[in-house]
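Encoded as structure tokens, the structure appears first; notes follow it.
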Amino acid sequence: MDARDYEQCIALWKITEGMSISNADSREAIESYLERNEGFSYVAVQSEDIIGTLLAGHDGRRGYLYHLSVKPEYRGQGIAKILVQSCLDRLRDAGIERAHIMVMGSNESGQSFWTGLGWTQRGDILICSRDIHMNTVGKE
14 MDARDYEQCI ALWKITEGMS ISNADSREAI ESYLERNEGF SYVAVQSEDI IGTLLAGHDG
74 RRGYLYHLSV KPEYRGQGIA KILVQSCLDR LRDAGIERAH IMVMGSNESG QSFWTGLGWT
134 QRGDILICSR DIHMNTVGKE
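Quick note on numbering: the sequence shown equals residues 14 to 153 in our numbering.
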């Protein structure tokens, strides 16, 4: 995947049930992510049309996968599994031993897909989020 793929990728993400799109998915943000993680993200292409996507990268310690999506008419053909394996192979080659995927709690089909591939849903980690633009760290 590279920056030229953005329009087709964002169009696919917008029609993918269970996927959350945010400001982090702007053209500039995705281009920056791809630049920082060059060669880790993949698209599946059929006749010049992007039919599948998976963003991947790492922080030097752990790998992270985002936005796995396959067009509905191409599902069930193993495309998602190929995208996942491609990203995991690339992460492994970079020395990364563990990867994480975040799945929306309401995305039952996504949860089923990932657990079907052997990923373990963790109950021991709570993810907390905060917008960085907030002015203060907290009350003392």
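C-beta: ideal position from N, C-alpha, C; glycine also.
- According to the DSSP assignment, L139 belongs to no beta strand (DSSP E), since it is labelled neither H nor E.
- Counting only unbroken stretches of 4 or more residues, the alpha helix (DSSP H) elements lying wholly within the region 34-93 are 40-49, in sequence order.
- Of the other Cβ atoms in all chains shown, fewer than 16 fall within 10 Å of the Cβ of N36; this residue is therefore exposed.
- Following the DSSP letters along the chain, one finds A24 inside the alpha helix (DSSP H) bounded by residues 19-28.
- With a cut-off of 8 Å on Cβ pairs, the region 61-72 is in contact with the region 81-100, counting three or more such pairs.
- DSSP places I109 outside both helix and strand once states are collapsed to three, so it counts as coil.
- C-alpha of S119 to C-alpha of G31: approximately 7 Å in a straight line.
- Under DSSP, I114 forms a beta bridge with L78.
- For V97, the closest C-alpha among the options G131, G136, E121 is that of G131.
- With 16 or more neighbouring CB atoms inside 10 Å of its own CB, V116 falls in the buried class.
- In the same chain as L68, and ignoring 5 residues on each side of it, the C-beta atoms closer than 6 Å to its own belong to S54, Y79, H80, in chain order.
- Taking the CA atoms as reference points, D144 sits about 16 Å from S33.
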